[in-house]
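For what it's worth, the numbering used here labels the leading residue of the sequence shown as 20, then goes sequentially. We treat Cβ as the ideally placed atom computed from N, Cα and C, and that holds for glycine. Quick notes on the structure that follows.
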Amino acid sequence: MSDTTGTGASDTTGATGATGTTGTSDTAVSRDVDVVVVGSGAAGLCAALSARARGARRVLVAEAEAVVGGSSRLSGGLVMGAGTRYQRALGIHDDAASLYHDYLQLNRWDVDAAVVKRFTEMAGPTVEWLGDLGVEYHEQLVYGGDERVPRVHVPVGRGQGIVDVLHRRCREADIDIALGRRVDRLLVDGGRVVGVAVGEDEIRAGAVVLAAGGFGNAPERLAAHFPSAAATGEAWYIGAEGSRGDVLDLGAQVDAQTTGHDRGLRLLHTGVDRIYEAYLPGWLVLVDTEGRRFCDETAPYGMMDHLMRMHGDRAWAICDQATLEAATASGMARYKQTIPGSSKRQSPHWTTDVMELMLTAGRARRAATLDDLAFGIDVDAAVLRGTIERYNAGVDAGEDLTFAKDPSFLEPVREPPFYAVEMRPSTVCFTAFGLRIDREARVLDQASQPIAGLFAAGECTGGVVGAQYVGSGNSYANITVFGRIAGERAAAFARTGR
Ligand SMILES: Cc1cc2nc3c(=O)[nH]c(=O)nc-3n(C[C@H](O)[C@H](O)[C@H](O)COP(=O)(O)OP(=O)(O)OC[C@H]3O[C@@H](n4cnc5c(N)ncnc54)[C@H](O)[C@@H]3O)c2cc1C
């Protein structure tokens, strides 16, 4: 795979010009490398390392962009896993069976359960495997969603910290990473995938691992495969440039099956900027387009995505002047979830200054009375008044009477002027429609048979992440677990043809 882009961006010497046949397989397929991995996010790097550890002599990672790491490096890097030594050190009792149970319950069994079973069994060991490679975690574990015990591991240095460790390990293992190589087709011979190509530039391999991430950066694919994100009318993506969904075209070339329509993660947003805020400050009051509350406003973001879906994907965040001013003056965001290592900085959207911007942009309404506010947001005044009266009664009682929100976040909505800000789940964090794999990370065809020589892992796959994002760390656990499995299986396939 020579440097056709002129970027000279090969990460390691030897990434270019890998020619000749090594012929390490007993299947007599000539090859330039044993395993080629498409994409250098955490899924791809884990796959490359595992392939190498399982005996693949030459492993090449082809990366479309000029930088290693994809969305994985931009990510918080929180990883979910049960039964880990990190949990045990804190006296937390947990195991894979509990994670599996929670996962299936939350998704109402609507996932590929055998694949999820493997995922939940391997998530804990994979957190530890990353630790063995050199990933450091903060001592404190966090809750990702609705679990009974904390099982989310927070890496020092966030996603970049994990990618740096994996990248360093790849260099030490003589794994080539070719940057600026956007793979545009698979090489197929007699029904078996035998390599990849970038234009005229072909590289033949004993097995191929697709780990090229999601499609958040491709609006037309969002519309087709994550319509509830596109339908917000203002979807914007916070991940990497390279998330264009190329794998969907590569998979179509070999009749690969896809699954996970309309799945992914959407975060609430005010629509006025391109700054994402994973959680709402707990003191806001969220009402639907009828003027009624519908949840504890501090719900984990995976739950909030679902709740918004159930309530028309449009809501209003209400507060009064006193609370907004107090939040601004405190200089600290009051989120329920606090992540070790992240600074307790001011919320990017909930200050008096930003409120003025939102008013100017027509995204917020301000009114001297609740009735006028109701008129401004087109809801029945009696309904909104009743909602706020009940909320305030809960504040006075020190107890959220309807949704049991933690009382420490209860602030009255009493001092005019009152504000309402329109919210939509328009921030696209990641996508979860993609190639269907089995528990060995083999890509399945339309007839549900493994496609010989083709493996996949990470955000480019479907079936593991369900309709309900189980919580922080769900995606990173998926990509690292199946990255490892895909690499191992690809190495074995390259060696034995099976
Ligand atoms: C800001 C942010 C925060 C997040 N926080 C968390 C979190 O804390 N915990 C969690 O679980 N999840 C989190 N996520 C989601 C999670 O990080 C991603 O889903 C995950 O990292 C995707 O990993 P991946 O390896 O599958 O893909 P990526 O990391 O996106 O890597 C795919 C790579 O493939 C490359 N590529 C694409 N097409 C081609 C091609 N044709 N040829 C060659 N290369 C190609 C891309 O350029 C990219 O580098 C977050 C996401 C974002 C954006």
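Reduced DSSP secondary structure (H/G/I, E/B, other) of residue i
i: I456; result: strand
i: T370; result: coil
i: I504; result: helix
i: C479; result: helix
i: R167; result: coil
i: R240; result: helix
i: I194; result: coil
i: F234; result: coil
i: A387; result: coil
i: A511; result: helix
i: D220; result: strand
i: P205; result: Per the sequence presented here, residue 205 reads as Leu, with Pro not at that position. Looking at L205 - three-state DSSP - the assignment turns out to be strand.
i: L160; result: coil
i: R433; result: coil
i: T277; result: strand
i: H186; result: helix
i: Y438; result: strand
i: L123; result: helix
i: Y256; result: strand
i: W148; result: helix
Cα-Cα separation, residue i to residue j
i: P319; j: E418; result: 20 angstroms
i: G199; j: R263; result: 15 angstroms
i: L97; j: Q159; result: 12 angstroms
i: R50; j: G178; result: 33 angstroms
i: A70; j: I456; result: 18 angstroms
i: C448; j: H325; result: 14 angstroms
i: I498; j: M99; result: 11 angstroms
i: G214; j: L205; result: 6 angstroms
i: A423; j: G413; result: 9 angstroms
i: T46; j: G516; result: Unreliable placement is indicated for T46, whose pLDDT of 46 sits below 50; the coordinate value is still reported in the next sentence. Cα to Cα, the separation comes out at about 6 angstroms.
i: D113; j: A400; result: 48 angstroms
i: D274; j: V207; result: 12 angstroms
i: I504; j: D129; result: 22 angstroms
Chain-order list of residues whose beta-carbon lies under 6 angstroms from that of residue i (same chain, five-residue window excluded)
i: D131; result: G482
i: G235; result: Y256, G258, S262, V447 and T450
i: F501; result: A460 and A476
i: R240; result: F234 and G264
i: V212; result: L205, V227, G472 and L473
Closer than 6 angstroms: residue i CB and nearest ligand 1 heavy atom
i: I257; result: yes
i: I504; result: no
i: C65; result: no
i: R201; result: yes
i: C448; result: yes
i: S361; result: no
i: A75; result: no
i: G485; result: no
i: V54; result: no
i: L93; result: yes
i: L454; result: no
i: A254; result: no
i: G232; result: yes
i: S494; result: yes
i: D265; result: yes
i: V154; result: no
Residue closest to residue i, alpha-carbon to alpha-carbon, out of the options
i: P359; options: A133, G95 and T446; result: G95
i: V175; options: H157, R167, E166 and E191; result: H157
i: N126; options: A249, G283, V55 and V171; result: G283
i: G218; options: G225, V228 and R201; result: R201
i: K355; options: E478, A108 and G164; result: G164
i: R458; options: G58, T139, E84 and H120; result: T139
i: H330; options: C65, V489, T103 and M442; result: M442
i: Y495; options: V57, A62, G58 and V55; result: A62
i: Q340; options: D391, K136 and F437; result: F437
i: P431; options: L303, W148 and A192; result: L303
i: R409; options: V398, T421 and G110; result: T421
i: A348; options: T371, V168 and F474; result: T371
i: D203; options: A387, M327 and L267; result: L267
i: I396; options: A336, L376 and R433; result: A336
i: R167; options: C189, D121, P444 and D193; result: D121
i: R188; options: G453, G153, V161 and A216; result: G153
7 angstroms Cβ shell around residue i - same chain, five flanking residues per side excluded
i: P525; result: Because the chain here runs from 20 to 517, residue 525 falls outside it and cannot be looked at.
i: V52; result: A37, R77, V78, L79, I222 and A224
i: R293; result: W255
i: V402; result: E309, G310 and R311
Proximal residues to residue i (C-beta, below 8 angstroms), its chain only, five neighbours per side dropped
i: P426; result: G417, E418 and D419
i: Y295; result: I257, L286, H288, T446 and C448
i: V134; result: I456, D457, R458, G482 and V483
i: T43; result: Note that T43 scores 39 on pLDDT, short of 50, meaning its location in the model is unreliable; the coordinates nonetheless yield the value given after this. Within the same chain, T43 has close Cβ partners R50, D53, R76, G225, A513 and R514.
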